[in-house]
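Single-structure report; data block below.
Residue numbers (the working numbering): 10 to 241.
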C-alpha cells in the first residue's frame, strides 16, 4: 500500500475571509502562512504550514462551519496559548483529559472547530535549584521566560515552570521528550548569550541539576513537598 502519511488538512472558509484567517492562524496560533501555488492562488483561501503541519483553508461559496469534524493541533504550552487566545478575545473550551493529554477547543473566525492538545507525561525532565539575589529576581524571571520560550520554539522542549519555595530557594524544571533532546539544547547557541548572562548574574548559589524520568505530576509533587509554591 502506497499511503504513508497524512499530507494536509483542509478547512472551508467563506469568500473574502483571508484577512481574518491570517489574523487567527498566523497571528494568534503562530502558524506561518505560505504562498499557494500559482494554479491555485486565484481561487482564494490561505495555506498555513510549519514543519509537518499543513493546514489549508479553501473558499466555499455556500460555506457552513464545521462544528464536529475538526483538526487537532499539538501544542507545547496550552496555558500560554490560552492566555494569548484570551488577549485576542477568543475563549478556550476545556475538554476532558485523555491519559497524558490536556485538551481544549476553540472556534476559528468562521466558526470551524479546532482542537488544541498538549502532550504531558512520560519523558525526561531536569530540575534546577538556585538562590537568587533579591534585587535581580525580576530580571532572572524575565530572562528565564524568554530563554525557555525560545528553546520550546526551536528545540522542541515540552514545557517548563519556575517556582519559589518558602525556604527562599527557587526551582525550575524543564521537561523534554528524551535525554538526547535535552542534551542537544545544551549546545552552543541554544540559549542567547545575553539571556544566559542575565540569569548567571542573578544567582547567589545553585545546586546540581537533578535529572528525572517521570511524569509531570511527579515533578509537581516534588516541588510542593519542598515548600509553598508560587506558580509564575
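Glycine included, each C-beta is placed from N, C-alpha and C at the ideal position.
Between the alpha carbons of residue 114 and residue 127 lies a gap of roughly 12 Å.
Per DSSP, reduced to three states, the secondary structure at residue 48 is helical. Fewer than three beta-carbon pairs drawn from the segment 54-74 and the segment 99-113 are found closer than 8 Å, and the two stretches are therefore not classed as touching. The beta-bridge partner set that DSSP reports for residue 126 consists of 83, 112. For residue 27, the uninterrupted alpha helix (DSSP H) segment begins and ends at 27-30. Here residue 103 carries a strand assignment [DSSP, helix/strand/coil].
Remark: C-beta atoms of residue 42 and residue 32 do not approach each other more closely than 8 Å.
Distance from the CA atom of residue 220 to the CA atom of residue 180, rounded to whole angstroms, is 13 Å. In this structure, the alpha-carbon of residue 20 lies about 42 Å from that of residue 202. Residue 147 counts as exposed, since fewer than 16 other C-beta atoms from the protein chains shown sit within 10 angstroms of its C-beta. Separation of the CB atoms of residue 17 and residue 65 is rounded to 5 Å, and the pair is thereby assigned contact status at 8 Å.
Rounded to the nearest angstrom, the gap between the Cα atoms of residue 95 and residue 35 is 16 Å. By the neighbour-count criterion, in which 16 or more other beta carbons inside 10 Å mark a residue as buried, residue 52 falls on the exposed side.
Residue 184 and residue 218 do not touch by the CB rule: their CB atoms are close to 13 Å apart, not below 8 Å. For residue 174, the closest of 110, 138, 107, 118 by C-alpha to C-alpha distance is 138.
At least 8 Å separates the beta-carbon of residue 192 from that of residue 155.
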